[in-house]
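Enquirer:
Number of protein chains: 4
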Amino acid sequence: MSSTPSSQIPCAIVGAGGYIGQHFARLLADHPSFAPPLLIGSERNHGRRFGELWQLGDAPPAGLGEVRLRTASPAQLSSAGVHVVFSALPSSTARAYESELARRGVHVFTNAADHRMDPDVPLLVPEVNPEHLALVARRRRGRGLLVADPNCTTAGLVVALKPIWNLLRPSAVHVSTYQALSGAGFPGVASLSIHDNIVPFIAHEEEKVVEESQRILGTLRGRRVRPDGAPFAVNCARVPVRDGHLEAVTLVARRRPDREAILRAFAGFDPLSHRSLATAPHPTIVLRPEADRPQPVLDRWAGRPDRAQGMAVSVGRVRWDPPFLRFFCLSHNAVRGGAGGSVLNAELALDEGWLDPLGGGAR
Amino acid sequence: MSSTPSSQIPCAIVGAGGYIGQHFARLLADHPSFAPPLLIGSERNHGRRFGELWQLGDAPPAGLGEVRLRTASPAQLSSAGVHVVFSALPSSTARAYESELARRGVHVFTNAADHRMDPDVPLLVPEVNPEHLALVARRRRGRGLLVADPNCTTAGLVVALKPIWNLLRPSAVHVSTYQALSGAGFPGVASLSIHDNIVPFIAHEEEKVVEESQRILGTLRGRRVRPDGAPFAVNCARVPVRDGHLEAVTLVARRRPDREAILRAFAGFDPLSHRSLATAPHPTIVLRPEADRPQPVLDRWAGRPDRAQGMAVSVGRVRWDPPFLRFFCLSHNAVRGGAGGSVLNAELALDEGWLDPLGGGAR
Amino acid sequence: MSSTPSSQIPCAIVGAGGYIGQHFARLLADHPSFAPPLLIGSERNHGRRFGELWQLGDAPPAGLGEVRLRTASPAQLSSAGVHVVFSALPSSTARAYESELARRGVHVFTNAADHRMDPDVPLLVPEVNPEHLALVARRRRGRGLLVADPNCTTAGLVVALKPIWNLLRPSAVHVSTYQALSGAGFPGVASLSIHDNIVPFIAHEEEKVVEESQRILGTLRGRRVRPDGAPFAVNCARVPVRDGHLEAVTLVARRRPDREAILRAFAGFDPLSHRSLATAPHPTIVLRPEADRPQPVLDRWAGRPDRAQGMAVSVGRVRWDPPFLRFFCLSHNAVRGGAGGSVLNAELALDEGWLDPLGGGAR
Amino acid sequence: MSSTPSSQIPCAIVGAGGYIGQHFARLLADHPSFAPPLLIGSERNHGRRFGELWQLGDAPPAGLGEVRLRTASPAQLSSAGVHVVFSALPSSTARAYESELARRGVHVFTNAADHRMDPDVPLLVPEVNPEHLALVARRRRGRGLLVADPNCTTAGLVVALKPIWNLLRPSAVHVSTYQALSGAGFPGVASLSIHDNIVPFIAHEEEKVVEESQRILGTLRGRRVRPDGAPFAVNCARVPVRDGHLEAVTLVARRRPDREAILRAFAGFDPLSHRSLATAPHPTIVLRPEADRPQPVLDRWAGRPDRAQGMAVSVGRVRWDPPFLRFFCLSHNAVRGGAGGSVLNAELALDEGWLDPLGGGAR
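Protein chains in written order, with this note's numbering: chain A, 1 to 363; chain B, 364 to 726; chain C, 727 to 1089; chain D, 1090 to 1452.
#1: In this structure, how does DSSP classify residue 1046/C when only helix, strand and coil are distinguished?
#2: Unbroken beta strand (DSSP E) runs of length 3 or more, entirely within the region 387-415 of chain B: which are they?
#3: Since I believe residue 1244/D is in contact with residue 1420/D (beta carbons under 8 Å), could you give me their beta-carbon distance rounded to a whole number of angstroms?
#4: What do you get for residue 482/B, buried or exposed, if any count of 16 or more other CB atoms within 10 angstroms of its CB means buried?
#5: Since residue 961/C and residue 1339/D are thought to touch, with beta carbons under 8 Å apart, how far apart are those beta carbons, to the nearest angstrom?
#6: Check the Cβ of residue 1279/D against every Cβ in chain B and list those closer than 8 Å, keeping chain order.
#7: For the alpha helix (DSSP H) containing residue 345/A, list its first residue and its last residue.
#8: Name the chain C residues whose beta carbon is nearer than 8 Å to that of residue 1384/D?
#9: Cβ of residue 502/B less than 8 Å from any chain A Cβ?
#10: I'd like to know if residue 1393/D contacts chain A, where contact means its C-beta is closer than 8 Å to some C-beta of that chain.
#11: Would you report the Cα separation of residue 1098/D and residue 311/A, rounded to the nearest angstrom?
#12: Does DSSP put residue 694/B in a helix, in a strand, or in coil?
#13: Any Cβ of chain D within less than 8 Å of the Cβ of residue 18/A?
#14: Under three-state DSSP, which class holds residue 613/B?
#15: Is the beta carbon of residue 872/C closer than 8 Å to that of residue 854/C?
#16: Anything in chain D within Cβ reach of residue 1052/C, meaning under 7 Å, just list it in chain order.
#17: Taking residue 239/A as the reference, give the member of 103/A, 21/A, 44/A, 180/A with the closest Cα.
#18: Quick check: the region 1059-1074 of chain C against the region 754-770 of chain C, are at least 3 beta-carbon pairs closer than 8 Å?
#19: Could you spell out where the alpha helix (DSSP H) holding residue 1283/D opens and where it closes?
#20: Could you tell me which whole alpha helix (DSSP H) segments of length 4 or greater appear in the region 611-675 of chain B?
#21: Spell out whether any CB of chain A is found under 8 Å from the CB atom of residue 1254/D.
#22: Could you check if residue 945/C is buried or exposed, using at least 16 other CB atoms within 10 Å of its CB as the buried criterion?
#23: Going along the chain, which residues of the region 763-775 of chain C sit with their C-beta nearer than 9 Å to a C-beta in chain A?
#24: Going along the chain, which residues of its own chain have a beta-carbon closer than 8 Å to the beta-carbon of residue 1023/C, five neighbours each way excluded?
#25: Which residues does DSSP list as the beta-bridge partners of residue 70/A?
#26: Would you verify that the beta carbon of residue 1377/D is, or is not, closer than 8 Å to some beta carbon of chain C?
#27: Taking the alpha-carbon of residue 1101/C as reference, which of 1025/C, 1021/C, 935/C, 765/C has the nearest alpha-carbon?
#28: Are residue 843/C and residue 937/C touching if we call contact CB-CB under 8 Å?
#29: Evaluate residue 182/A with the Cβ neighbour count: other Cβ atoms within 10 Å of its Cβ, from every protein chain shown; 16 or more gives buried, anything less gives exposed.
#30: List the whole-angstrom C-beta distance separating residue 1261/D from residue 1341/D, where the pair is believed to meet the contact cut-off of C-beta under 8 Å.
#31: DSSP state of residue 455/B, grouped into three classes?
#32: If you measure from the CB of residue 990/C, is any heavy atom of the ligand NAD nearer than 7 Å?
#33: Near residue 861/C, what residues of its chain come up, given a Cβ to Cβ distance below 8 Å and the 5 sequence neighbours on each side ignored?
#34: What in chain A is Cβ-close to residue 1026/C, meaning under 7 Å?
#35: Going along chain B in order, which residues have a C-beta closer than 9 Å to the C-beta of residue 1063/C?
#36: Quick one: is residue 1444/D buried, meaning 16 or more other Cβ sit within 10 Å of its Cβ, or exposed?
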């Protein structure tokens, strides 16, 4: 592991042993702004080499394979000088652990669901609702930030919806999903349950997609987010694909722009072009012209080259039969919809000056 | 092959070597009303043992494995005394071949797409629009019947829609599909294209589902079918599952029955209960109460026991949030949506007296 | 459930909730010699409907879907008049439970590994070593029989080896396996571990295949089995296939028969032809002449029609380059290599007069 | 496409549109010694954008996605100043085309099978038989080199065998394969043939593995290769895995080293350590200590970081029960066993001075 330049921010990954935790490690191992992360795991994984747990193909990031995971309390992380924590904790333990970290002044960027709907926690996608980051100012001084990224299905969806939202003013959004195995983490779904099969149910998923999408697309009014009012009808299913959530989307549009305007809106969407965020893809959306794209196996790593691979959202099969706009969108559930989403959130917070190295979340 | 009771109707399968053709053979090998079928194949398969081509698991039907496929013209089939032909011909060749059979007085029950939208050809699903069979009376005397079953995706969908159609009076129908590999026949999709992948495109499929569904749900006015006017927004995708098309359906309802009425409509749907059709499942729909059904691997053969296996349509995950009714339906694409659909059509025609053994389709 | 003819033997399935337990239920639901089975499950499944747990496709056997699993001790089963128990218990609990059943005079036919190598327990495959059944006479009078079937990989292998064993007198046997997901039961392997993957390790499997094969192919000398001395070199791997274990076998032969003699030995193997055992396939081996068989998806149910489906072993790609005989064999791991193996063992024991209805295993 | 430094060697890929051709493009797009390649395809692909054909996940190499494939004769390539051709031609056309290139003084490094057994064509794996490269001196002056890499299964096998070959002096080698879908190229195997299935047959594969392995492990005597005499017994099967050929290997050893010596031989194997070849992994073999490795999904890209990813051979599950040494090896069939093998051959030839830029293969 290279020595840490003094300008890099000390950080840790909690829940490092899981699938999302490993993606965090991959993204943070040589990040320009964050120091190589401490790897904090569950008691079950305490003392195990990170390389043993590695599930992402071939080798773990240079320098991290031989590291042994250890457990750590929020107090221990705070005492150790950790400034930012990336959380891939399971829902059962995230709420209290993350709150305690923030209380102690550590900034938390979390992929866990527990705090997503808290009124003072931004549910943030930098290309969609960067202004929601201001919600953190509701929290008392001295506390760390607590910023959540959305559910893996919501993350790709809201990116695909944003550029056409005002252009079409939808009266309803219909979504059916084709969700990858890794969305359930490890061990996740039993092979006999999903081999040669589709499972048309993922617990709480449809509800999350609806409420999270409405919140992210909502408007910041003072210190509250007012959710967008368009109804979402969502059907979620698990498919035998390793990575990459595909979604069939039909909007019922109130407006009637021409088709070219819609395509331009997708293809030209790059709201972070003026910032320099390491993990942001440019453009945000890859618009596929082919008849049969996007596909998980071909498009899940869109955003290449370099750090942003897996961060772009692919959109294709755009069919405009007013009032119905139909398209498919695809994103890497563990990157754009997981670890990458939170890393990008942290980069935005840093860029906005919220990660002041001297104090816990205050500016 | 057992000797043919004199009351059994001589029949043939054309396109017998393919996936649907093999399902026809499975269903007709010991059918109570139809004699064991002649197996007619393409030139490529001429002279090959049926057992060599068999793809459906283990052994072909008793008596058929050693039969050698041969080619035959419509004239030859007619001369040979074939009274009914079940067609699994590819679209490129079905139109002319089937028309010629009918012209020669042979009754044709076809799974091919070519004639489905002909005004005088019933696009028939016995549980949904049996009255459309009367369209055949438009055809000139002396001709054979020509009756089509719908596309494999449409077949399951219209069965699931029928019992709730008038109850909800939908203003729109949203469908996303999870279509099995065998829907593309053999060889179909390349393994590298679909392994660990979803392909969100099937040529002409979305258009077929829309126009066929509207026709089947339409009303017979005099000697014309007036399509149902509800708009369908359809997204089709291929998934790595061998058999069984799953569909996520959302109706936008104009009416507001209570949830129990909807469930009763699904579960009680058995419009063929008063007839004795060998291939009809009773009830037509299997309503699944579980949170995570229907699933292809568990439900594709619904309709058991006996001849009707794979003919029932499974419906589950019924969610009623007015105006949206959401559910998943599943049917065996090669049985209910293929060979079984046409066999059931022939059984209905026989029951209605259209397969008069003395003359070509006239009564 | 049909009423039990007085001649049918009262039986129970223990471990009924699992994958092998469900196959037992399928095979015993309408068995000519055994009454419909009691369904005994784990505490976790106590009170659950059998239909809820059903994983084998569509509907559970008529009459059993609505039955609720319950727990039962050996004493309770014995008191309830159960005469024969089919065991699909996990290894952790099988040993004591099965011993206690036998002590109480109940006959046990088990798929569990615990007793397989006990000197007085026949490790039995009726087509291969029926004479080993006599080992049960070592057990004290008044006790029930305890008869084991082998590991799912061994079961198919020894059937394929038997007809050529003396013909070739192998000096070594090399086996590599392609083992299906269901061999690990439910839930078994995590989907992320095996999707798009092969796992070249199954705990204890290689050792079991070696010692069990040598025992089954061994010779009964007095009241001991002397294992066959040929060394086995075995490599086991899990593959993403639902059912059906495929094995690549190379024998190093000491003898040099001609190729036709080898093929005749495989194809003509039917050592149970003179008995009337309901679950026995005839012939035992299906010799495939095609270049590319056997295959799991096409051949796992070999043995059709009727009760013996999944009980035949398919052999193909026989290549004879002395001293190497190479072939592939395939069998249904949960039928021939699981529940079906034990049912056939019970049928043999009944046929041999060991299941005297009046007393516990003595004759 | 970046401008070509004058020291880079002008090259072309023939058969660029296929799966191996795309891997060639990936490896050569920014190679230190070879200029960005011309992309030559079949007539069917003439004029198509390379990006349209791309099957390897996300984006084609920078600069190549927009290039349109074109056809070219050997004469045209020679006239265009192409110095080295990497061939991914199908067997039907490779022989004549490659011979003509060499006749015109163009050096050919081929993945095609046609010339592999020609006495004057080195069948080359740089870590195994670099001395065989001297065979090219048999060819007449003025001609281009013609160097073949082995079949995708052989390539990984001989690398795994080399370090232990003299240590164990095997009297026989037993191999069973688990071969990936991409080994059959595109379109390759039909999805219905391999989904939920294993196909225990690959045309001509077993014969190739035997004769190619014996040749590569053979000894150069004067200007001939004398094949190694150890008999190979090989069973080949296709499995539903995208990339990565796994092989179960059992050696029958004449010698009895201790286990540690065997492990050291594998782990320490790095015969190219003294050279600087861009595509060579160091060490050549990754010895896995885990109980359940190597696995395709985790190990196929071994050799990372950088250019050599997919070039290392993973070895694991080493079990030494004299006389049997059993292990599994895994390599990326399209990289080590395909395009990467030929690129490494070209790097060796360059390092050895055979690619003299002034003249056709003579030195």
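Each residue gets a CB set at the ideal place from its N, CA and C atoms; glycine is no exception.
Expert: Straight from the coordinates:
#1: The three-state secondary structure of residue 1046/C, taken from DSSP, is strand.
#2: When DSSP assignments are scanned along the region 387-415 of chain B, the uninterrupted stretches of beta strand (DSSP E) that are 3 or more residues long and fall wholly within it turn out to be 401-403.
#3: That belief holds up - the Cβ atoms of residue 1420/D and residue 1244/D are roughly 6 Å apart, short of 8 Å.
#4: Exposed.
#5: Here residue 961/C really is in contact with residue 1339/D; their C-beta atoms are around 7 Å apart, less than 8 Å.
#6: Chain B residues near residue 1279/D: 549, 550, 551, 552, 553, 554.
#7: Residue range 339-351 is occupied by the alpha helix (DSSP H) that includes residue 345/A.
#8: Result: 923, 924, 925, 926.
#9: No, no contact with chain A.
#10: Chain A contact via Cβ: present.
#11: Going from the Cα of residue 1098/D to the Cα of residue 311/A covers about 36 Å.
#12: Of the three classes helix, strand and coil, the one that applies to residue 694/B here is strand, per DSSP.
#13: Closer than 8 Å: no.
#14: Three-state DSSP puts residue 613/B in a strand.
#15: No, the pair does not count as a contact, with Cβ atoms beyond the cut-off.
#16: Within chain D, the residues 1322, 1324 have their CB atoms less than 7 Å from the CB of residue 1052/C, given in chain order.
#17: Of the listed residues, the one whose Cα sits closest to residue 239/A is 180/A.
#18: With the cut-off at 8 Å, the region 754-770 of chain C and the region 1059-1074 of chain C touch.
#19: Annotation for residue 1283/D: the continuous alpha helix (DSSP H) segment containing it runs 1280-1283.
#20: For the region 611-675 of chain B, the continuous alpha helix (DSSP H) assignments of 4+ residues that do not extend past its boundaries occur at 622-630, 659-662, in sequence order.
#21: Judged by the 8 Å Cβ criterion, residue 1254/D is not in contact with chain A.
#22: The Cβ neighbour count for residue 945/C, taken over all protein chains shown within 10 Å, is under 16; the residue is labelled exposed.
#23: So nothing in the stretch comes that close.
#24: Contacts found: 967, 970.
#25: Answer is 40/A.
#26: No, residue 1377/D does not count as interfacial toward chain C.
#27: It is not possible to answer for residue 1101/C, since the shown part of chain C is limited to 727 through 1089.
#28: Result yes, Cβ atoms of residue 843/C and residue 937/C sit closer than 8 Å.
#29: Looking at its Cβ environment, which holds 16 or more other Cβ atoms inside 10 Å, residue 182/A is buried.
#30: The beta-carbon separation of residue 1261/D and residue 1341/D, rounded to 4 Å, stays under the 8 Å limit for a contact.
#31: Three-state DSSP puts residue 455/B in a helix.
#32: Only the bare structure without any ligand can be found here, which leaves the ligand NAD out of the picture.
#33: If you ignore the 5 residues before and after residue 861/C, its C-beta comes within less than 8 Å of the C-beta of 845, 846, 847, 848, 946, 949, 951, all in its own chain and listed in chain order.
#34: Neighbours of residue 1026/C on chain A: none; closest Cβ ~13 Å, over 7 Å.
#35: What residue 1063/C touches in chain B, judged by beta-carbon distance under 9 Å, is nothing: the nearest beta carbon there is about 17 Å away.
#36: Answer is buried; the Cβ neighbour count reaches 16.
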